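Encoded as structure tokens, the structure appears first; notes follow it.
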Amino acid sequence: MAFLEILLIGIGLSMDAFAVAVSKGLSMRKIDYKAGLIIALFFGIFQAGMPLIGYYAAVRFERYITVVDHWIAFGLLLFIGGKAIFEAVKDLKSEEKIEEEFRLKIGELIILAIATSIDALAVGISFAFLKVSIWKSVTIIGITTLILSFIGVLIGNRFGAKFKAKAEIAGGIILILIGLKILLEHLGVIQF
Numbered sequence: 061m062a063f064l065e066i067l068l069i070g071i072g073l074s075m076d077a078f079a080v081a082v083s084k085g086l087s088m089r090k091i092d093y094k095a096g097l098i099i100a101l102f103f104g105i106f107q108a109g110m111p112l113i114g115y116y117a118a119v120r121f122e123r124y125i126t127v128v129d130h131w132i133a134f135g136l137l138l139f140i141g142g143k144a145i146f147e148a149v150k151d152l153k154s155e156e157k158i159e160e161e162f163r164l165k166i167g168e169l170i171i172l173a174i175a176t177s178i179d180a181l182a183v184g185i186s187f188a189f190l191k192v193s194i195w196k197s198v199t200i201i202g203i204t205t206l207i208l209s210f211i212g213v214l215i216g217n218r219f220g221a222k223f224k225a226k227a228e229i230a231g232g233i234i235l236i237l238i239g240l241k242i243l244l245e246h247l248g249v250i251q252f
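Under the numbering used here, think of the first position of the sequence shown as 61, with each following residue one higher.
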């Protein structure tokens, strides 16, 4: 997989973390750069760690499913992307409340980081079947998520919830398109 494809996957995967970071930024009366960096670090580390776990778990079962690996990758990315779009559209219909005072709670942050990176576990499984360079990929995904999460905190603090659902929809579309590209490449319909 080329750098651009991995970067796009990283952007797509980071949209949940970005959306949560925006909501964290919303709850800050005044921007707290240290808290923003901590939030970004948690999301970046978990977003990089989950594909790594998925990759090494899948390697153990590779010989059983290599015949259908492209379908698995497509199905997982379609599911993840579709889920992101569904949740974003659902969020568009509900209003969020701004918290009175921002407090960085590590336990809550761990839960949010796990929740926003579960999808990356499935991507790691896909990477194993596609023989993707895992260390390069998780580095790109982790750094991308870290940067976008920090930006999300800043945007949330500055502009409000305006971009949250749109970012999740964009991330879902990116993941679905990459899944479709993988499927079409393996079926010989397109070549890159």
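The beta carbon of each residue, even a glycine, is placed where N, CA and C say it ideally should be.
None of the values given here were measured: they were computed from a predicted structure.
Kindly confirm or deny that the stretch 69-77 and the stretch 201-215 touch, where touching means at least three C-beta pairs closer than 8 Å.
For the pair of segments examined, the stretch 69-77 was found to touch the stretch 201-215: the number of CB pairs separated by less than 8 Å reaches three.
Could you tell me if VAL128 is buried or exposed, where buried requires 16 or more neighbouring beta carbons within 10 angstroms of its beta carbon?
Translated into the one-based positions of the sequence shown, residue 128 becomes position 68. Exposed, since its Cβ has fewer than 16 Cβ neighbours within 10 Å.
Measuring alpha carbon to alpha carbon, tell me which residue in ILE242, ILE250, ALA79 and LEU112 is nearest ILE99.
Stepping through the sequence shown from its first residue, residue 99 is reached at position 39. The shortest C-alpha to C-alpha distance from ILE99 to any of ILE242, ILE250, ALA79 and LEU112 is the one to ALA79.
Residue closest to ALA148, alpha-carbon to alpha-carbon, out of GLY96, GLY232, ALA225 and ILE234
Translated into positions along the sequence shown, residue 148 becomes position 88. Closest option to ALA148, Cα to Cα, is ALA225.
Nearest to ALA133 by alpha carbon, out of LYS191, TRP195, ALA62 and ILE174?
Working through the sequence shown from its first residue, we reach residue 133 at position 73. Looking at the Cα atoms, LYS191 is the closest of the given residues.
I'd like the list of long-range same chain contacts for GLY232, defined as Cβ closer than 6 Å, with 5 residues on each side in sequence excluded.
In the sequence shown, residue 232 corresponds to position 172, counting from 1. The residues are GLY141, ALA144 and ILE145.
Write down the C-beta distance between VAL183 and GLY114 rounded to the nearest angstrom, noting that I regard them as a contact closer than 8 Å.
The count along the sequence shown starts at 1 and reaches residue 183 at position 123. The count along the sequence shown starts at 1 and reaches residue 114 at position 54. Here VAL183 really is in contact with GLY114; their C-beta atoms are around 7 Å apart, less than 8 Å.
Tell me the rounded alpha-carbon separation between PHE102 and ILE238.
Numbered from 1 along the sequence shown, position 42 holds the residue referred to as residue 102. Numbered from 1 along the sequence shown, position 178 holds the residue referred to as residue 238. Using only the alpha carbons, I get a separation of about 26 Å.
Could you check where the alpha helix (DSSP H) with ILE185 kicks off and where it finishes?
As a working mapping, residue 185 is identified with position 125 in the sequence shown. Run containing ILE185: 166-189, per the alpha helix (DSSP H) assignment.
Beta carbon of SER193, beta carbon of MET61: below 9 Å?
In the sequence shown, residue 193 corresponds to position 133, counting from 1. In the sequence shown, residue 61 corresponds to position 1, counting from 1. Yes.
Would you verify that the beta carbon of LEU68 is, or is not, closer than 9 Å to some beta carbon of chain D?
Given the protein chain composition of this structure (a single chain), no chain D is represented.
Less than 9 Å separating the beta-carbons of PHE121 and ALA180?
The residue you call residue 121 lines up with position 61 of the sequence shown. The residue you call residue 180 lines up with position 120 of the sequence shown. No; because the gap between Cβ atoms is not below 9 Å, this pair is not in contact.
Just how far apart, CA to CA, sit LEU64 and LYS241?
By one-based count along the sequence shown, residue 64 stands at place 4. By one-based count along the sequence shown, residue 241 stands at place 181. Rounded to whole angstroms, the separation of the alpha carbons of LYS241 and LEU64 is 13 Å.
Give every residue of the same chain whose Cβ lies closer than 6 Å to the Cβ of ILE229, excluding the five residues on either side of it in the sequence, and list them in chain order.
The residue labelled residue 229 in the question sits at position 169 within the sequence shown. ILE145 and ALA148.
Measure the C-alpha to C-alpha separation of GLU168 and GLY248 and round it to an integer number of angstroms.
In the sequence shown, the residue the question calls residue 168 occupies position 108. In the sequence shown, the residue the question calls residue 248 occupies position 188. Looking at the two C-alpha atoms, the distance is approximately 45 Å.
Report buried or exposed for PHE189, applying the criterion of at least 16 other Cβ atoms within 10 angstroms of its Cβ.
As a working mapping, residue 189 is identified with position 129 in the sequence shown. The residue is buried, with at least 16 neighbouring Cβ atoms inside 10 Å.
What is the residue span of the alpha helix (DSSP H) that ASP76 lies within?
Stepping through the sequence shown from its first residue, residue 76 is reached at position 16. Where ASP76 is concerned, the enclosing alpha helix (DSSP H) stretches over 63-86.
Contacting residues, own chain, Cβ-Cβ under 7 Å from LEU67 (five flanking each side not counted)
As a working mapping, residue 67 is identified with position 7 in the sequence shown. Non-local beta-carbon contacts of LEU67 in its own chain, meaning distances under 7 Å to residues more than five positions away in sequence, involve ILE200 and THR204 in chain order.
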